[in-house]
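Peer 1: The sequence shown runs 1416 to 1527 under my numbering.
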Amino acid sequence: MKRCALAAMAALSTSWLGAQSLVGEPEFIRVQREALASQRAEVMAVYQEEAKACWQKFAVNACLSDARKTRRAALEPLRQQDLLLNAQERQWRTEQRDVRLQGKQTSQPTPP
1416 MKRCALAAMA
1426 ALSTSWLGAQ
1436 SLVGEPEFIR
1446 VQREALASQR
1456 AEVMAVYQEE
1466 AKACWQKFAV
1476 NACLSDARKT
1486 RRAALEPLRQ
1496 QDLLLNAQER
1506 QWRTEQRDVR
1516 LQGKQTSQPT
1526 PP
């Protein structure tokens, strides 16, 4: 049940990256990073609960291994989204730098 909830949460969060809201680019990226951080914290909380429950079982190592696999599977889509946000932020910064450089080039007079 927890695994299905994590998978559904990861699928919903993927659609956030495709639709940028009316806020500015840096604000959008900040909001997305906060959402990813909260999702990551939720995944880690679920993992902690599963790991704690493993210590009550006979096959502790197998249970812990399964919990780690579940955690990795849940964190991978979040990592991919983080990489997309990083690329988006780099692109935005490059565009801003190009605009600044273009402004500097047009404002400097050419020597005769």
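In this text, a Cβ means the ideal position worked out from N, Cα and C, and glycines have one as well.
(1) Name the residue from R1508, T1521, G1518, L1516 whose alpha carbon lies nearest to the alpha carbon of G1439.
(2) Output the distance between the C-alpha atoms of S1480 and Q1506, rounded to the nearest integer angstrom.
(3) Which value, in whole angstroms, describes the spacing of the CA atoms of A1489 and V1475?
(4) Suppose contacts are defined by Cβ-Cβ distances below 7 Å. Is Q1454 in contact with L1498 by that definition?
(5) I think E1504 touches I1444, with their Cβ atoms under 8 Å apart; what is that distance to the nearest whole Å?
(6) In angstroms, rounded to a whole number, what distance separates the CA positions of K1467 and K1519?
(7) Span of the alpha helix (DSSP H) holding F1473?
(8) Could you give the distance in angstroms between the alpha-carbon of Q1477 and the alpha-carbon of E1465?
(9) From T1521, V1461, L1451, pick the residue whose C-alpha is nearest to that of A1482; which is it?
Peer 2: Here's the rundown:
(1) What you label residue 1439 is simply residue 24 of the sequence shown in a count that begins at 1. Residue R1508 is the option with its Cα nearest to G1439.
(2) The residue you call residue 1480 lines up with position 65 of the sequence shown. The residue you call residue 1506 lines up with position 91 of the sequence shown. Each residue's Cα considered, the two are about 38 Å apart.
(3) Along the sequence shown, read from residue 1 onward, the residue named residue 1489 stands at position 74. Along the sequence shown, read from residue 1 onward, the residue named residue 1475 stands at position 60. If I take the Cα positions, the gap works out to 21 Å.
(4) Here residue 1454 refers to the residue found at position 39 of the sequence shown. Here residue 1498 refers to the residue found at position 83 of the sequence shown. Taking 7 Å as the Cβ cut-off, Q1454 and L1498 do not qualify as a contacting pair.
(5) The sequence position of residue 1504 within the sequence shown is 89, counting from 1. The sequence position of residue 1444 within the sequence shown is 29, counting from 1. Confirmed, Cβ separation roughly 5 Å.
(6) Along the sequence shown, one-based indexing puts residue 1467 at 52. Along the sequence shown, one-based indexing puts residue 1519 at 104. Taking the straight line from one Cα to the other gives about 59 Å.
(7) Here residue 1473 corresponds to residue number 58 of the sequence shown, with the count starting at 1. Note, F1473: premise wrong, no alpha helix (DSSP H); not H, not E.
(8) Here residue 1477 corresponds to residue number 62 of the sequence shown, with the count starting at 1. Here residue 1465 corresponds to residue number 50 of the sequence shown, with the count starting at 1. The amino acid occupying residue 1477 in the given sequence is Ala; Gln does not appear at that position. Their Cα atoms are separated by approximately 12 Å.
(9) Your numbering for residue 1482 matches position 67 in the sequence shown. Among T1521, V1461, L1451, the Cα nearest to that of A1482 is on V1461.
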